[in-house]
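Written out below as structure tokens is the structure these notes cover.
There are 2 protein chains.
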Amino acid sequence: MSDIDLAVSTVIFALRPHPDSGRPVLSLPLVRRTRDPFEGHWALPGGWVGTHESLETSAGRTLVETTGVRPSYLEQLYTFGAPDRSPTGRVVSVVYWALVRPEQIGERTDAAFDAQNVRWFVADSLTGEQGDEAPALAFDHARVVAYALWRLRTKVEYSRIAQAFLGETFTLAELRHVHEAVLDRELDPANFRRQMESSGAVVPTGERVTGGRHRPPRLYRYDTSVDLVDNGPLVDDGPIAPSGAES
Amino acid sequence: MSDIDLAVSTVIFALRPHPDSGRPVLSLPLVRRTRDPFEGHWALPGGWVGTHESLETSAGRTLVETTGVRPSYLEQLYTFGAPDRSPTGRVVSVVYWALVRPEQIGERTDAAFDAQNVRWFVADSLTGEQGDEAPALAFDHARVVAYALWRLRTKVEYSRIAQAFLGETFTLAELRHVHEAVLDRELDPANFRRQMESSGAVVPTGERVTGGRHRPPRLYRYDTSVDLVDNGPLVDDGPIAPSGAES
DNA sequence: TGAGTAAAGGTCATCTTGACCTGAACTAAG
DNA sequence: CTTAGTTCAGGTCAAGATGACCTTTACTCA
Numbered sequence: 024m025s026d027i028d029l030a031v032s033t034v035i036f037a038l039r040p041h042p043d044s045g046r047p048v049l050s051l052p053l054v055r056r057t058r059d060p061f062e063g064h065w066a067l068p069g070g071w072v073g074t075h076e077s078l079e080t081s082a083g084r085t086l087v088e089t090t091g092v093r094p095s096y097l098e099q100l101y102t103f104g105a106p107d108r109s110p111t112g113r114v115v116s117v118v119y120w121a122l123v124r125p126e127q128i129g130e131r132t133d134a135a136f137d138a139q140n141v142r143w144f145v146a147d148s149l150t151g152e153q154g155d156e157a158p159a160l161a162f163d164h165a166r167v168v169a170y171a172l173w174r175l176r177t178k179v180e181y182s183r184i185a186q187a188f189l190g191e192t193f194t195l196a197e198l199r200h201v202h203e204a205v206l207d208r209e210l211d212p213a214n215f216r217r218q219m220e221s222s223g224a225v226v227p228t229g230e231r232v233t234g235g236r237h238r239p240p241r242l243y244r245y246d247t248s249v250d251l252v253d254n255g256p257l258v259d260d261g262p263i264a265p266s267g268a269e270s
Numbered sequence: 024m025s026d027i028d029l030a031v032s033t034v035i036f037a038l039r040p041h042p043d044s045g046r047p048v049l050s051l052p053l054v055r056r057t058r059d060p061f062e063g064h065w066a067l068p069g070g071w072v073g074t075h076e077s078l079e080t081s082a083g084r085t086l087v088e089t090t091g092v093r094p095s096y097l098e099q100l101y102t103f104g105a106p107d108r109s110p111t112g113r114v115v116s117v118v119y120w121a122l123v124r125p126e127q128i129g130e131r132t133d134a135a136f137d138a139q140n141v142r143w144f145v146a147d148s149l150t151g152e153q154g155d156e157a158p159a160l161a162f163d164h165a166r167v168v169a170y171a172l173w174r175l176r177t178k179v180e181y182s183r184i185a186q187a188f189l190g191e192t193f194t195l196a197e198l199r200h201v202h203e204a205v206l207d208r209e210l211d212p213a214n215f216r217r218q219m220e221s222s223g224a225v226v227p228t229g230e231r232v233t234g235g236r237h238r239p240p241r242l243y244r245y246d247t248s249v250d251l252v253d254n255g256p257l258v259d260d261g262p263i264a265p266s267g268a269e270s
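Protein chains in written order, with the numbering used here: chain A, 24 to 270; chain B, 24 to 270.
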């Protein structure tokens, strides 16, 4: 019986039209706190770890409960446990990060979200590096978002997580647009193609997409038989134990 | 008041002479379990998180208590929380990895260690990939060790963690020997020098080391003013909270 | 039928990497 | 004192990767 409470929070990334430019930009939903501490501030969606739930399941459940989106990718980010971070008692937070496809976020309108005290924010506007109108985030969530952003941007370059924003098949332009939105930087189409094809990460399906006012692009899919250097976060929640010196 | 117990374990790496070849090899101390579950098996050193302790402090304390070594580097690895991993109740383990300098591990002899049910193992012999005499590890600790090994080997190539195995100043050969032991692979001295110097990670102190039967090498130190791409594990245990949807 | 657009496939200079070579500067053996 | 042995330190060179840019292809729309 521990006197430490265990919570999960999730940084949920989606590509949504920028409020000004309209171009896809990394965005994430935050929840307005309705009680102290930090009442009125915006916080990451989350909740408590269920007694019979794995950490990943808890993260998935709480993010669906609060935001309604269903993630296509979920990975552990970091565990925060400073003893003084909550005035109301000792809380340790296991933070996850998630990616969602566009079709999974259209279910609820922004107005419906607002009624639930949920709102989408442009990711880069939250890290405090922009200088402009960053909303007041609860606790240390601004730093958490910054760290999750860094992980996503690092990982998109050597793994296949971009697929979590796309369907089963896609054109190289679609894939490139995802990379561009994530990295917030334009990429040379020809060089991007060369890299993707030489790495063997994607393979053409043979089909083409017609209907555009240009040469019809090929469709690709990720080649799961080739493994990139990933190793990633292990698999989720493998069994592991307290250890040798325990009670 | 939670019914989930929170533990910490640490994968402690040191460079010790290989039992056969005598050359420095990545090694780590394990603790023999004296009770069920997994009585008699070897496990990572660890213990319970103190109510008023940060996670990192708990990890540091428990590893000193069980092994007596003082780490020069400590970083969070991953948090494991499958509901069924301990038969004796729900336990969530925050796992850290640590590096220790040689002078910190000489304090206790192997015999003294043995009396406390602590023993050093060659890291690569524990991951189950070698096929030979891997000792039976408790829980899923073999996979944890493998993951920690991967993190260390990945990180030594783009950060300054090798210094955690060295003193304030060092020759490029010493630094290279650390990299070679960590990566378990020989490196070309000239190419290693070129990479280190061009990256700006190290700077010559101006001093040289005499006494060897060869041209006296320069001493170097890490240049902390240049920052490599690290970003690493944030700083430790920043305050963060349960989140929006909490009770 | 021509203009506009992006796809697809290329070139070229530059940078990085691994393999290897040569002279420098020390110690120890003879 | 001389020479052999050793590693240090500073190179070269070819192969591969990267970024900038160009040309042709193949479609749609006016």
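Every residue, glycine too, gets a C-beta built ideally from N, C-alpha and C.
Owing to the predicted nature of the structure, the values given are computational and were not obtained by experimental measurement.
Legend entry - Residue-level contact to chain A via CB, ALA35(B), 8 Å cutoff: For this step, residue 35(B) is matched to residue 12 along the second sequence. According to the sequence provided, residue 35(B) is Ile. The question's Ala does not apply to it. Not one chain A Cβ lies under 8 Å of ILE35(B).
Legend entry - Bridge-paired residues (DSSP) for LEU53(A): Position 30 of the first sequence holds residue 53(A). Partner(s): ARG142(A).
Legend entry - Cα-Cα separation, PHE215(A) to GLU62(A): Here residue 215(A) refers to the residue found at position 192 of the first sequence. Here residue 62(A) refers to the residue found at position 39 of the first sequence. Straight-line Cα distance between these residues: approximately 45 Å.
Inset, instruction - Using the Cα positions of PRO94(B) and ALA121(B), report the straight-line distance between them to the nearest angstrom. - result: Reading the second sequence from its first residue, position 71 is the one you call residue 94(B). Reading the second sequence from its first residue, position 98 is the one you call residue 121(B). Distance between the alpha carbons of PRO94(B) and ALA121(B) is about 6 Å.
Inset, instruction - Report the rounded CA-to-CA distance for ARG217(A) versus ASP211(A), giving the unit in angstroms. - result: Along the first sequence, one-based indexing puts residue 217(A) at 194. Along the first sequence, one-based indexing puts residue 211(A) at 188. Going from the Cα of ARG217(A) to the Cα of ASP211(A) covers about 10 Å.
Legend entry - Spatial distance of TRP173(B) from ARG183(A) (CA atoms): As a position in the second sequence, residue 173(B) is number 150, starting the count at 1. As a position in the first sequence, residue 183(A) is number 160, starting the count at 1. The straight-line gap from Cα to Cα measures roughly 19 Å.
Inset, instruction - Consult DSSP for ASP28(B) and reduce its assignment to one of helix, strand or coil. - result: In the second sequence, the residue the question calls residue 28(B) occupies position 5. Strand, per DSSP.
Inset, instruction - List the DSSP bridge partners of LEU160(A). - result: If you number the first sequence from 1, residue 160(A) lands on position 137. Per DSSP, TRP65(A).
Inset, instruction - Output the distance between the C-alpha atoms of SER77(B) and THR233(A), rounded to the nearest integer angstrom. - result: Here residue 77(B) corresponds to residue number 54 of the second sequence, with the count starting at 1. Here residue 233(A) corresponds to residue number 210 of the first sequence, with the count starting at 1. Roughly 58 Å between the two C-alpha positions.
Legend entry - Segment limits, beta strand (DSSP E) that includes GLY229(A): The residue labelled residue 229(A) in the question sits at position 206 within the first sequence. Its beta strand (DSSP E) spans residues 225 to 231.
Inset, instruction - Quick one: grab the DSSP three-state call for LEU242(A). - result: Along the first sequence, read from residue 1 onward, the residue named residue 242(A) stands at position 219. DSSP places LEU242(A) in strand when its eight states are reduced to three.
Inset, instruction - Please say whether ALA146(A) and SER50(A) have beta carbons closer to each other than 8 Å? - result: In the first sequence, counting from the first residue as 1, residue 50(A) sits at position 27. In the first sequence, counting from the first residue as 1, residue 146(A) sits at position 123. Result yes, Cβ atoms of SER50(A) and ALA146(A) sit closer than 8 Å.
Inset, instruction - Could you tell me which of SER81(B), ASN140(B), VAL115(B) sits nearest to ARG56(B), measuring between CA atoms? - result: Taking the second sequence and counting its residues from 1, the one referred to as residue 56(B) is at position 33. Checked all of SER81(B), ASN140(B), VAL115(B); the closest Cα to ARG56(B) is ASN140(B).
Legend entry - Where LEU70(B) falls: helix, strand or coil (DSSP): Position 47 of the second sequence, counted from the start, is the residue given in the question as residue 70(B). The amino acid at residue 70(B) is misidentified as Leu; the sequence shows Gly. In the structure shown, GLY70(B) sits in a strand (DSSP, three-state: E or B).
Inset, instruction - Compare the C-beta of HIS237(B) against all C-beta atoms of chain A and say whether one is closer than 8 Å. - result: Residue numbering aside, residue 237(B) sits at position 214 when the second sequence is read from its first letter. Not an interface residue.
Inset, instruction - Note down, in chain order, every chain A residue with its Cβ under 9 Å from the Cβ of ILE27(B). - result: Working through the second sequence from its first residue, we reach residue 27(B) at position 4. Correct list: SER25, ILE27, ASP28, LEU29, VAL72, THR74.
Legend entry - When PHE162(B), ALA157(B), VAL179(B), LEU160(B) are compared against ALA17(B), the one with the closest alpha-carbon: The first residue shown for chain B is 24 and the last is 270, placing residue 17(B) beyond what the model contains.
Legend entry - chain A contact for GLY104(B) (CB, 8 Å cutoff): Counting from one through the second sequence, the residue named residue 104(B) turns up at place 81. It does: the Cβ of GLY104(B) has a partner Cβ on chain A nearer than 8 Å.
Legend entry - Rounded separation between GLU197(A) and ASP28(A) - CA only: Translated into the one-based positions of the first sequence, residue 197(A) becomes position 174. Translated into the one-based positions of the first sequence, residue 28(A) becomes position 5. GLU197(A) and ASP28(A): Cα-Cα distance of roughly 43 Å.
Inset, instruction - For chain B, find out if any of its Cβ atoms is closer than 8 Å to the Cβ of ARG50(A); answer yes or no. - result: Counted from its first residue, the first sequence places residue 50(A) at position 27. The amino acid occupying residue 50(A) in the given sequence is Ser; Arg does not appear at that position. Taking Cβ atoms only, chain B never reaches closer than 8 Å to SER50(A), which makes this a no.
Inset, instruction - Compare the C-beta of VAL168(A) against all C-beta atoms of chain B and say whether one is closer than 8 Å. - result: What you label residue 168(A) is simply residue 145 of the first sequence in a count that begins at 1. Not one chain B Cβ lies under 8 Å of VAL168(A).
Inset, instruction - With DSSP collapsed to three states, give me the class of ILE128(B). - result: Within the second sequence, the letter at position 105 stands for residue 128(B). The answer is coil: DSSP assigns ILE128(B) none of H, G, I, E or B.
Inset, instruction - Measure the Cβ-Cβ separation of ILE35(B) and THR90(B) and say whether it is below 8 Å. - result: As a working mapping, residue 35(B) is identified with position 12 in the second sequence. As a working mapping, residue 90(B) is identified with position 67 in the second sequence. In this structure, THR90(B) lies closer than 8 Å to ILE35(B) by Cβ.
Inset, instruction - Using a cut-off of 7 Å between C-beta atoms, extract the partners of LEU175(A) located in chain B. - result: Sequence index remark: in the first sequence, residue 175(A) carries index 152 (1-based). Correct list: empty, because the minimum Cβ distance to chain B is about 12 Å.
Inset, instruction - Check the Cβ of ARG113(A) against every Cβ in chain B and list those closer than 7 Å, keeping chain order. - result: Working through the first sequence from its first residue, we reach residue 113(A) at position 90. Those within 7 Å of ARG113(A) in chain B are THR74.
Inset, instruction - Please list the partners that SER77(B) has in chain A, where partner means a Cβ-to-Cβ separation under 8 Å. - result: On the second sequence, position 54 is the one that residue 77(B) refers to. Under the 8 Å cutoff, chain A gives GLY104, ALA105, PRO106.
Legend entry - From LEU100(A), PRO60(A), VAL117(A), GLY70(A), residue whose alpha carbon lies closest to that of PRO110(A): Your numbering for residue 110(A) matches position 87 in the first sequence. For the residues LEU100(A), PRO60(A), VAL117(A), GLY70(A), the minimum Cα distance to PRO110(A) belongs to PRO60(A).
Inset, instruction - Count the other CB atoms, across all protein chains shown, that sit within 10 Å of the CB of THR33(A); report buried if there are 16 or more and exposed otherwise. - result: The residue given as residue 33(A) occupies position 10 in the first sequence. Buried.
Legend entry - GLN99(B) to PHE162(A) span [Cα, whole Å]: The residue labelled residue 99(B) in the question sits at position 76 within the second sequence. The residue labelled residue 162(A) in the question sits at position 139 within the first sequence. Using only the alpha carbons, I get a separation of about 20 Å.
Inset, instruction - Would you kindly work out how many angstroms separate the C-alpha atoms of PRO40(A) and ARG58(B), rounded to a whole number? - result: Position 17 of the first sequence, counted from the start, is the residue given in the question as residue 40(A). Position 35 of the second sequence, counted from the start, is the residue given in the question as residue 58(B). Computed Cα separation, rounded: 57 Å.
Inset, instruction - Specify the secondary structure class of GLU88(A) as computed by DSSP and reduced to three states. - result: Here residue 88(A) refers to the residue found at position 65 when the first sequence is read from its first residue. Helix, per DSSP.
Inset, instruction - Measure the Cβ-Cβ separation of LEU38(A) and PHE188(A) and say whether it is below 8 Å. - result: If you number the first sequence from 1, residue 38(A) lands on position 15. If you number the first sequence from 1, residue 188(A) lands on position 165. Result yes, Cβ atoms of LEU38(A) and PHE188(A) sit closer than 8 Å.
Inset, instruction - Under 7 Å Cβ to Cβ from GLY104(B), same chain only, skipping five residues before and after it: list those, please. - result: Taking the second sequence and counting its residues from 1, one reaches residue 104(B) at position 81. Around GLY104(B): VAL115.
Inset, instruction - For VAL249(A), count neighbouring C-beta atoms within 10 Å of its own C-beta (all shown protein chains included) and say buried if the count is 16 or more, exposed if not. - result: Residue 249(A) sits at position 226 when you count from the first residue of the first sequence. Classification for VAL249(A): exposed.
Inset, instruction - Quick one: grab the DSSP three-state call for ARG39(B). - result: On the second sequence, residue 39(B) is found 16 positions in, with the first residue counted as 1. Correct three-state label for ARG39(B): strand.
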